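Shown next, in structure tokens, is the structure this report addresses.
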Amino acid sequence: APGYLSKKRKISIEENENNIPHSVKDYCGKHVQIGNMPSCSGAKTTDVELGEPLQEPVDATMSLSTSKGPTPDSALLNISTSIDVVSSPPGFTRALGQERVEGFEFVENFKIPEEHAALYKKIYEKYGHMATRKVIKFNDDMLLTCVASLLKIISDMENVRCSELSEALLDRWEGSIKDAEALEFNIKWLREGFNRLKNHWRSSFGIDNDAETDAQALDAMHVYLSTREDELNSLLLEVKVQKRKAEETISSERKAIQEKLSQKIKFQNESVIGLVLN
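Each residue of the sequence shown is one higher than the one before, starting from 732 at the first, in the working numbering.
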């Protein structure tokens, strides 16, 4: 009867549950527990058998009518449970209907909180969908919760200045990113960018240390040169005193020499007889 899971579908679900890592089990009383993700309740599941992520996303609110026999949509769903679909991660099944949900906006068939819709569009255009079906294969509400948590982090990154970073904040972001990596989300780009941020942040402390070391060396050089300047000034003063004394001595000696020369000239000008008679 429509609405009941086939035997193959039940086996597929059991296999998928066995593939979920122990670190991400029992979330919201269901499958996955994520330390840094917000809590949720009443998680819905789509009646679609999935292996790897598919080409297009699915709305977490999609339901299957079972009250009046198979509908065209439910017939398509029943067919999808009996064939293998080539995966193209990351992605989702095609949404069969996108009813307007207050507070949410659909971005390429995936429901996103309105406050993060513009940001998610930018991310999707460059990297594609963040969520995948590799671990959480059926619970769309859980996927939405995990994606919303990542979008909150990225939104914070847009508003936080590098001067406001702290070890605690980086550890909190690291935890959420690790949770998404455990779910095999398409966030390699986020991991690489976050690692760059951490490296630059930590290297900035090295720059501070280098600058402080250089400043200390320059201060020491300034003290040394100032000391040498004082020593040279003192020596220069001493030399000036010695020079002044030497100049006085030289002046006195020059006078004595001049007197001797004058006597010589006087002697040379006198007549010989005068000297003999005297």
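Note that beta-carbon positions come from the ideal geometry of N, C-alpha and C, so glycine has one too. Source: prediction; values computed, not measured.
For residue i, the three-state DSSP class (helix, strand or coil)
i, result
"Glu845", "helix"
"Gly924", "helix"
"Gly800", "Residue placement at Gly800 is poorly supported in this model, since its pLDDT is 38, which falls under 50; the coordinates are not used for a value here."
"Glu898", "helix"
"Phe835", "strand"
"Met888", "helix"
"Glu912", "helix"
Assigned exposure category for residue i - 16 Cβ within 10 Å defines buried
i, result
"Val970", "exposed"
"Ala944", "Correcting the residue identity first, residue 944 is Thr in this sequence and not Ala. So Thr944 ends up on the exposed side."
"Asp871", "buried"
"Ile996", "exposed"
"Ile854", "buried"
Beta-carbon separation (whole angstroms), residue i vs residue j, contact threshold 8 Å
i, j, result
"His847", "Ser886", "6 Å"
"Tyr858", "Trp920", "5 Å"
"Lys842", "Leu875", "6 Å"
"Ala849", "Leu881", "No, Ala849 and Leu881 are not in contact; Cβ-Cβ is about 15 Å, not under 8 Å."
"Trp932", "Leu968", "Not quite, the Cβ-Cβ distance comes to about 55 Å (not below 8 Å), so this is no contact."
Nearest neighbour of residue i, chosen from the options [CA to CA]
i, options, result
"Arg922", "Arg831, Ala849, Met861", "Met861"
"Asn926", "Glu833, Asp939, Glu905", "Glu905"
"Glu845", "Asp872, Ile854, Ala879", "Ala879"
Inter-stretch contact (C-beta, 8 Å, three-pair minimum) for the stretch 882 to 894 and the stretch 955 to 969: Touching, no.
Three or more C-beta pairs below 8 Å linking the stretch 902 to 919 and the stretch 851 to 868: Counting C-beta pairs closer than 8 Å gives three or more between the stretch 902 to 919 and the stretch 851 to 868, which meets the contact rule.
Stretch-stretch touch, CB-based, cutoff 8 Å, three pairs: the stretch 834 to 852 with the stretch 900 to 908: Verdict: no, contact absent.
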